[in-house]
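Report on one structure; see the data block that follows.
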Amino acid sequence: MKSIILLAPPAAGKGTQSELICNKYNVPHISTGDLLRTAVRDNHPLAQTISDLINSGALVTDEIVLDLLKERLTKCDCDNGYVLDGFPRNVSQAVTYEEILKEIDKELGIVILLDIDRKLAKKRIVGRLSCQACGSVYNSMFDEHKSKVDGACDNCHSVLTKRDDDNEETFDKRFDAYVEKTKPLIDYYNDKEVLYRIDSGIDKEYTFNEIEKIIKEQND
Ligand SMILES: [Zn+2]
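Per our numbering, the very first residue in the sequence shown carries number 16; after that it's consecutive.
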């Protein structure tokens, strides 16, 4: 399978779709967060540097992330493709990523943008409610995802809670930051003719079906 870079704004279902692709096509899911956590856990030579940066509140440098990524991509489970999630975040990273791919003799593959209307994304996030007791998830902004009794879980009747950062203000900031950073990256991949855009605002089955169509077309 050709490797896939997934780009998506908040609430477009990137996590869910990554998991669906990786399970169905048996390819690894690679995110920079996981790379950093694994490096620290496994006492990688860069572990101390990474811990120090994280503990001081600094961002881990692109150089470190790209070193780890390069190592990860040369493992044999990546031979039949992989899903890259959350990377690259900007054009500069995208360019360096391609240099690495050249060094390890891999192709860029395809880029899938899970697009979603801002208003819909906002409803998905701001309305999100969850049950701490049984893990059920609801959404007060959509009739089909509301709990039967306001604020109580259908399954276990526990009180539903909302995450602190699931508010309009935080959403607006995150979405604006996403648009600002990702727009040039989208243009970059569009110019290279590797970009596919999917409307991810319908439901997860529709989105996955569209992804499968692209994978099939690209790998036939
Ligand atoms: Zn519950």
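The beta-carbon is built from N, C-alpha and C at its ideal position, and this holds for glycine as well. Remember, it's a predicted structure, so these values are computed and weren't measured experimentally.
Using CA coordinates, which residue listed in 88, 162, 130, 189 is at the minimum distance from residue 145? Stepping through the sequence shown from its first residue, residue 145 is reached at position 130. The residue with the shortest Cα to Cα distance from residue 145 is 162.
Less than 8 Å between C-beta atoms, sequence neighbours within five positions excluded: which residues of the same chain meet that for residue 227? Counted from its first residue, the sequence shown places residue 227 at position 212. For residue 227, where only same-chain residues beyond five positions count, the Cβ hits under 8 Å are 39.
Residue 200 to residue 225, Cα distance in whole Å? By one-based count along the sequence shown, residue 200 stands at place 185. By one-based count along the sequence shown, residue 225 stands at place 210. Going by the C-alpha atoms only, they are around 22 Å apart.
DSSP beta-bridge partners for residue 212? The residue labelled residue 212 in the question sits at position 197 within the sequence shown. Residue 212 is bridged to 128.
Would you grab the beta carbon distance between residue 83 and residue 50 for me? Rounded to a whole angstrom, and I think it's under 8 Å. In the sequence shown, counting from the first residue as 1, residue 83 sits at position 68. In the sequence shown, counting from the first residue as 1, residue 50 sits at position 35. Their Cβ separation, rounded to whole angstroms, is 4 Å, which keeps residue 83 and residue 50 in contact under 8 Å.
How big is the Cα-Cα spacing for residue 16 and residue 34? If you number the sequence shown from 1, residue 16 lands on position 1. If you number the sequence shown from 1, residue 34 lands on position 19. Computed Cα separation, rounded: 16 Å.
Residue 173 CB to nearest heavy atom of ligand 1 below 7 Å: By one-based count along the sequence shown, residue 173 stands at place 158. Yes, Cβ of residue 173 sits closer than 7 Å to a heavy atom of ligand 1.
Should residue 162 be counted as a contact of ligand 1 given a C-beta to heavy atom distance under 7 Å? The residue you call residue 162 lines up with position 147 of the sequence shown. Outside the cutoff, so no.
Give me the Cα-Cα distance between residue 167 and residue 173, rounded to the nearest whole angstrom. Here the question's residue 167 lines up with position 152 in the sequence shown. Here the question's residue 173 lines up with position 158 in the sequence shown. Going from the Cα of residue 167 to the Cα of residue 173 covers about 6 Å.
Enumerated in chain order, which unbroken segments of the alpha helix (DSSP H) with a length of 4 residues or greater are wholly contained in the segment 132-169? 133-141
May I ask you to report which of helix, strand or coil DSSP gives residue 42? As a first step, residue 42 is located in the sequence shown; it is residue number 27 there, counting from the start. In this structure, residue 42 counts as coil in the three-state DSSP scheme.
Identity of the residues DSSP links to residue 20 by a beta bridge: Taking the first residue of the sequence shown as position 1, residue 20 is located at position 5. In the DSSP output, where bridge partners are listed per residue, residue 20 has 99, 126.
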